[in-house]
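Residue numbers (our numbering): 1 to 360.
Here a beta-carbon is modelled for each residue, glycine too, at the ideal position from N, C-alpha and C.
Written out below as structure tokens is the structure these notes cover.
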């Protein structure tokens with residue numbers, strides 16, 4: 001099988017187009033492809049959407065269905081006839097493979113890319129070579145990091161799946177950043193709503209699939225299993241089922257808050273530190289699927305790009321203080337702010353009383 005980097009795969013299909021630029025192994029750290037829309041209602045150099053994906057094995061973009069499908073999607077986005085709705089620059093970033101076969105982590109890749117695109121934030125770190133001017137004309141509005149582990153097998157023949165391991169999908173949407181930073185809730189809700197409809201999260205076909213807002217997948221499974229075995233009877237009533245759902249969501253809410261306070265932080269956090277709305281999609285596919293889950297992941301990524309492309313940031317307003325018991329539900333800051341004020345009100349009243357009475 002012929003090896004092909006992402007630049008070779010992209011440029012081979014876009015030789016006649018002038019709106020696709022590509023650079024391999026920039027700063028000995030990452031590959032980058034920039035796609036500027038040719039047909040749009042606003043200036044395409046104003047805003048950009050960044051997709052950061054892991055490197056394929058041996059940096060061969062033809063050997064991985066996910067990566068090859070991603071390059072084909074970029075080719076489609078480059079065609080103004082096929083995608084007249086695209087109004088923002090799309091930037092695809094992935095770790096590059098060095099001579100020593102060393103591949104940077106996604107966190108290092110995000111940090112290095114931002115230093116090369118925007119300039120380094122710290123004077124103590126080694127200087128990163130800046131990108132050429134045409135690569136970094138747009139304002140980085142959104143970034144999505146895809147941390148994909150695909151060990152799945154696709155079977156289309158009936159009956160063949162019965163002899164193979166069942167499918168197991170673990171998908172987490174991780175918005176957490178350092179010092180309590182979070183992206184706009186609209187972005188989290190958008191990604192959650194689109195992936196919620198994916199076939200690989202269908203509870204009938206994949207009853208053991210998980211859909212979480214934190215990275216502690218195994219711990220969540222163990223606690224929920226203990227709740228189900230010890231606290232829920234074999235034939236629970238309707239009220240007991242609701243109580244179990246509430247307990248499970250409280251578990252995930254606690255793990256979301258723990259990640260926000262103590263980490264480990266997802267690889268997109270350097271972007272949040274720079275005020276860029278970003279999140280990490282952590283997904284693992286194992287077992288047998290009737291439809292290739294990595295291809296479906298790319299299809300939903302295209303829908304996310306389309307939705308973000310229609311978002312005019314100058315008119316955008318959303319929440320940035322919230323908790324997530326699940327990717328489908330959120331707790332607004334107003335819901336926990338007012339109870340906290342009421343709890344602290346007696347303490348404040350007592351303090352003012354002591355000041356006026358001369359006890360302090």
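- Residue 95 is bridged by DSSP to 30.
- Contact between the segment 108-117 and the segment 128-143 is present: three or more C-beta pairs spanning the two stretches fall below 8 Å.
- Residue 153 is not a Cβ neighbour of residue 209, given a cutoff of 9 Å.
- Annotation: the continuous alpha helix (DSSP H) that includes residue 218 extends over 217-230.
- Per DSSP, the continuous alpha helix (DSSP H) segment holding residue 244 begins and ends at 238-262.
- According to the DSSP assignment, residue 48 belongs to the beta strand (DSSP E) that extends over 47-52.
- Sequence-distant Cβ neighbours of residue 83 in its own chain, meaning closer than 7 Å and more than five residues away, are 76, 77.
- Beta-bridge pairing by DSSP links residue 211 to 171.
- For residue 197, there is no enclosing alpha helix (DSSP H), since its DSSP letter is neither H nor E.
- Note on residue 28: under 16 other CB atoms within 10 angstroms of its CB, so exposed under the neighbour-count rule.
- The three-state reading of DSSP puts residue 118 in helix, counting H, G and I together.
- In the DSSP annotation of this structure, the continuous segment of the alpha helix (DSSP H) that includes residue 297 starts and ends at 293-309.
- Looking at the DSSP output, residue 143 shares a beta bridge with 50, 278.
- When DSSP states are grouped into helix, strand and coil, residue 58 belongs to the helix group.
- Of the candidates 25, 239, 344, 321, the residue whose Cα lies closest to the Cα of residue 176 is 321.
- For the options 241, 239, 238, 248, the alpha carbon positioned closest to that of residue 221 is the one of 248.
- Spatial neighbours of residue 267 in its own chain (CB-CB distance under 8 Å, excluding positions within 5 residues in sequence) are listed in chain order as 52, 105, 106, 107, 109, 110, 145, 147, 280.
- Pairing residue 265 with residue 178 gives a Cβ-Cβ distance under 9 Å.
- Taking C-beta atoms as the reference points, residue 278 and residue 34 fail to come closer than 9 Å.
- In this structure, the CA atom of residue 30 is about 46 Å from the CA atom of residue 338.
- Contact fails between the segment 223-231 and the segment 177-195, because fewer than three Cβ pairs, one in each stretch, are under 8 Å apart.
- Look at residue 104 here: in three-state DSSP terms it is coil, with no helix or strand label.
- Put simply, of 309, 293, 340 the residue whose alpha carbon is nearest the alpha carbon of residue 197 is 293.
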